[in-house]
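In order, the protein sequence lines correspond to chains V and F.
Just so we're aligned, residue 1 is where the first sequence starts under the numbering used here, counting upward by one.
Just so we're aligned, residue 1 is where the second sequence starts under the numbering used here, counting upward by one.
Down below is the structure, laid out as structure tokens.
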Amino acid sequence: MAKLTYEDFQPGQVLPLGPKHVTAEEIIEFASEFDPQPMHLDEAAGRASILGGLAASGWHTSAMFMRMMCDSYLLNTESEGAPGIDFMDWKKPVLAGDTLSGHSIVLESRAMRSRPGIGIVKFRHEVKNQHDELVCLGENATMIRMRLPVETSA
Amino acid sequence: MKMTELYPTGERAEIGSHLFTAENIVHFASRFDPQIFHMDAEAAKDTLFGGLCASGWHTCAAWMRTFIDYWKGETTRLLAEGIQPPNLGPSAGFQKLQWLRPVFANDTVTYGVTLLSSRPLASRPGWTINTILCDGTNQHGVTVIRFESTVLEFE
């Protein structure tokens, strides 16, 4: 089956993310490598912190969000990567045992003038926990190849 | 002491470097971002990146690790000088993240931090929100990543 292209992403479209179960082991593994702070490494230290339990590094939450995007639609898309992230808010701690899910919403899309055959699709991403609480919110644009190159008007 | 008393706003501090090997690029990507340009050096040649490059989130995570190691050193240094280090809390997120250039296999990224602003949280007496500018430059002097992050500080 052909992969999704720029034309397949229409404003208003909602793409599901997850579910993704978060284990204590993977929180500690990520933190040991990239963010070795007590509340990301140890249950008791996490409970004693304002995060209230063994909590994933915010960067781990972002990385898990990335994987959910890959598994939901990005690996099946002619993606050429993203130039950045407008913003990402870590609204609530992601704790060991949480199950994350959510969605990406297409906000807008446009052809790139500088790169013929590639379009920019802007998304809003929302990730929630099993209590339906928003844990991560962000917006970004991704470069996606077109099925049919279009003439961009000057 | 508070961040603003120790680190003048607008002044960049170099916090350390991180080497991205092909092996750790693929190891990160296989867990979190298995797009072909982060996974397969051959296939990556046919993409806009033109070669195997790190997931942008990997470049971010390596910034975090570099900062943690730097902060550990700063904490030791300040205590040795008889100064109570600032009490930093979790980050609420980031904004204006730009992955300006790909980070290719065997690139070394040197990271920096600049304190941009600091304001007390009206709703929480004794809490401060610091905004920091974080950046990373490769071995050719080209900036590859830039973002602003918000970090809590407690009295």
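We put the beta carbon where it would ideally sit given N, CA and C, even for glycine.
Predicted model only: the values in this text are computed from it and were never measured.
Exercise for review: Please confirm whether I15(F) and F67(F) have their CB atoms less than 8 angstroms apart.
Suggested key: yes
Check your understanding: Just to confirm, are M64(V) and S49(V) a CB contact at a threshold of 8 angstroms?
Key -> No, these two residues do not count as a Cβ contact at 8 angstroms.
Check your understanding: What residues from the stretch 61-74 of chain F come within 8 angstroms of chain V, judged by C-beta to C-beta, listed N to C?
Key -> A61, A62, M64, R65 and I68
**Study point:** Residue from P83(V), R110(V), S114(V) and S101(V) whose Cα sits closest to the Cα of V135(V)
**Key:** S101(V)
Exercise for review: Could you tell me whether the Cβ atoms of P19(V) and T99(V) are closer together than 8 angstroms?
Suggested key: yes
**Study point:** Rounded straight-line distance, which links the Cα of K45(F) to that of W161(V)
**Key:** For residue 161(V) there is no data in the structure shown, the boundaries of chain V being 1 and 154.
Check your understanding: In whole angstroms, what is the alpha-carbon distance linking M88(V) and L115(F)?
Key -> Cα to Cα, the separation comes out at about 19 angstroms.
Review point. Between the C-alpha atoms of V106(V) and L97(F), what's the straight-line distance to the nearest angstrom?
Key: 19 angstroms
Review point. Does any residue of chain V bring its CB to less than 8 angstroms from the CB of S17(F)?
Key: Not a single CB atom of chain V sits nearer than 8 angstroms to the CB of S17(F).
Practice item. Using a Cβ-Cβ cut-off of less than 8 angstroms, give me the residues of the stretch 74-87 of chain V that come near chain F, in sequence order. Key: L74, L75, S79, E80, G81, A82, P83, G84, I85, D86 and F87
Check your understanding: What is the DSSP secondary structure of E11(F), counted as helix, strand or coil?
Key -> coil
Check your understanding: Run through DSSP, which three-state label would T75(F) get?
Key -> Collapsing the DSSP output to three states places T75(F) in a helix.
Exercise for review: Could you tell me whether the Cβ of G82(F) comes closer than 8 angstroms to any Cβ of chain A?
Suggested key: Absent here is chain A; the protein component of the structure consists of chains V and F.
Exercise for review: State the DSSP-derived secondary structure class of L148(V), mapped to helix, strand or coil.
Suggested key: coil
Review point. Taking Cβ-Cβ distances shorter than 8 angstroms, what residues in chain V pair up with L48(F)?
Key: E80, G81, R115, I118 and M143
Exercise for review: Report all residues from its chain with a CB closer than 6 angstroms to the CB of T47(F); omit the five preceding and five following residues, and keep chain order.
Suggested key: F37
Exercise for review: Could you tell me whether any Cβ in chain F is nearer than 8 angstroms to the Cβ of K89(V)?
Suggested key: Before going on, a small fix: residue 89(V) reads as Asp here, not Lys. With 8 angstroms as the cut-off, D89(V) counts as an interface residue toward chain F.
Review point. Can you find at least 3 beta carbon pairs, one from the stretch 136-146 of chain F and one from the stretch 27-42 of chain F, that sit closer than 8 angstroms?
Key: Counting C-beta pairs closer than 8 angstroms gives fewer than three between the stretch 136-146 of chain F and the stretch 27-42 of chain F, which falls short of the contact rule.
Practice item. From the DSSP output, read off the bridge partner residues of K128(V). Key: Paired residues: S101(V) and L134(V).
Review point. So, helix, strand or coil for D33(F), using DSSP?
Key: It is coil, neither helix nor strand.
**Study point:** Exposure of E108(V), with buried meaning 16 or more beta-carbon neighbours within 10 Å
**Key:** exposed
Practice item. Using a Cβ-Cβ cut-off of 8 angstroms, state whether M146(V) counts as contacting chain F. Key: no
Check your understanding: Going by alpha carbons, who is nearest to L4(V) out of P83(V), A45(V), S72(V) and A141(V)?
Key -> S72(V)
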